[in-house]
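Trainee:
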Amino acid sequence: MASSFDFDTSSINSATNSAANGVAKSSITSGVAPTNPKAELNQEDFLKLLLTELQYQDPTEPMDSKAMLEQTSMLSQLSMQQKTNEVMTQLASQMETAFSMSAMSALGKYATLDNVISKDDATKFLGIPITFTEDILAANISIKDKSGNVVRNIELGPLSAGSGTINWDLLNNSKNVVENGNYTYSVQYINKEGKIKDMSLKNFQVEAVRFKDGVAQIKIGGSYINVEKVSEFHEKLS
1 MASSFDFDTS SINSATNSAA NGVAKSSITS GVAPTNPKAE LNQEDFLKLL LTELQYQDPT
61 EPMDSKAMLE QTSMLSQLSM QQKTNEVMTQ LASQMETAFS MSAMSALGKY ATLDNVISKD
121 DATKFLGIPI TFTEDILAAN ISIKDKSGNV VRNIELGPLS AGSGTINWDL LNNSKNVVEN
181 GNYTYSVQYI NKEGKIKDMS LKNFQVEAVR FKDGVAQIKI GGSYINVEKV SEFHEKLS
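Under the UniProt record's numbering, think of the first position of the sequence shown as 1, with each following residue one higher.
Written as structure tokens, this is what we have:
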């Protein structure tokens, strides 16, 4: 049976294409770069397409209700995904703020460090933090590999009480570059009374706090280290 309705399909196609490409066309005619270079539909674009399809549908062959439900479901999922992304962004921001406040509270306190340092292919040198609560006549930094073998001894001359960082050039006692991996260090010193003592790893005062690439760092002995190297913060020397 012939249909009593006479539709101009070219106008339908034109309107549908216009809705789908509206953002891109307006960008081209105005000379402004498209705001959606990946040609992905956002929630507003999806809704425009759905409404345009409903507006120009053939009354003799209306849109399948199942197809409409599927498209509506897609719109709902798109909306939920957008809201989830917004919530996760807000949560990450709040967590970073809370962690920032926590790290800032360490300023002026003393930190207990671990004595592990690590080398990989990108490592140029390794900083070894040192601190002395009294003037010293001499000191020795002993660096050991994972098996406990001494690979390097670094001798220091007279130093005043305070903190600093000694840069290890990654050479062993034979002047060869050491292998990648973890190393431990310990420091012994001789005070002005001639007594041999072990340097404590608890006496590092936090001089500053910063965030670099989302990682909290503290300044000790003039150099920044990741806060994960700290096992404890305390109020006073112990």
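Each residue gets a CB set at the ideal place from its N, CA and C atoms; glycine is no exception. What you are looking at is a predicted structure, and each value in this text was computed from that prediction instead of being measured.
#1: Put serine 174 into one of helix, strand or coil per three-state DSSP.
#2: Identify, in the order they occur along the chain, each residue of the same chain with its Cβ nearer than 6 Å to the Cβ of tyrosine 224, setting aside the five sequence neighbours on each side.
#3: With a threshold of 7 Å (Cβ to nearest heavy atom), would asparagine 115 be considered close to the ligand COA?
#4: Using beta-carbon positions only, say whether phenylalanine 211 and serine 163 come within less than 8 Å of one another.
#5: Any idea if threonine 131 is buried or exposed, counting beta-carbon neighbours within 10 angstroms, 16 or more meaning buried?
#6: Should valine 87 go down as buried or exposed, given a rule of 16 or more other Cβ atoms within 10 Å for buried?
#7: Take every Cβ of the segment 143 to 151, pair it with every Cβ of the segment 164 to 179, and state whether three or more of those distances are shorter than 8 Å.
#8: By the 10 Å Cβ neighbour count, where 16 or more other Cβ atoms means buried, how is valine 227 classified, buried or exposed?
#9: Alanine 161 to threonine 133, Cα distance in whole Å?
#10: The beta strand (DSSP E) spanning asparagine 140 covers which residue range?
#11: Kindly indicate the opening and closing residues of the beta strand (DSSP E) around alanine 122.
#12: Going by C-alpha to C-alpha distance, which of Leu51, Ile220, Asn182 and Tyr110 sits closest to histidine 234?
#13: In its own chain, which residues sit with a C-beta less than 8 Å from the C-beta of asparagine 191, not counting the 5 before and 5 after it?
#14: Smallest Cα separation from methionine 199: which of Lys236, Asn167 and Ser142?
Mentor: Looking at the atomic coordinates:
#1: Counting from 1 along the sequence shown, the entry for residue 174 is found at position 174. Reduced to three states, the DSSP call for serine 174 is coil.
#2: In the sequence shown, counting from the first residue as 1, residue 224 sits at position 224. Gln217, listed in sequence order.
#3: The ligand COA is absent from the structure shown, which contains no ligand whatsoever.
#4: Here residue 211 refers to the residue found at position 211 of the sequence shown. Here residue 163 refers to the residue found at position 163 of the sequence shown. No, Cβ-Cβ distance for phenylalanine 211 and serine 163 is not below 8 Å.
#5: Residue 131 sits at position 131 when you count from the first residue of the sequence shown. Burial state of threonine 131 is buried, judged by a 10 Å Cβ sphere holding 16 or more other Cβ atoms.
#6: Mapped onto the sequence shown, residue 87 falls at position 87. So valine 87 counts as exposed.
#7: yes
#8: For the purposes of this step, residue 227 is identified with residue 227 of the sequence shown, where counting begins at 1. It counts as buried.
#9: In the sequence shown, counting from the first residue as 1, residue 161 sits at position 161. In the sequence shown, counting from the first residue as 1, residue 133 sits at position 133. In a straight line, the C-alpha of alanine 161 is about 5 Å away from that of threonine 133.
#10: Walking along the sequence shown from the start, residue 140 turns up at place 140. Run containing asparagine 140: 136 to 144, per the beta strand (DSSP E) assignment.
#11: On the sequence shown, position 122 is the one that residue 122 refers to. For alanine 122, no beta strand (DSSP E) segment is defined, and its DSSP state is neither H nor E.
#12: As a first step, residue 234 must be located in the sequence shown, where it is residue number 234. It is Tyr110.
#13: Position 191 of the sequence shown, counted from the first residue, corresponds to residue 191. So the list reads Glu134, Asp135, Ile136, Leu137 and Lys197, once near-sequence residues are dropped.
#14: Taking the sequence shown and counting its residues from 1, the one referred to as residue 199 is at position 199. Checked all of Lys236, Asn167 and Ser142; the closest Cα to methionine 199 is Ser142.
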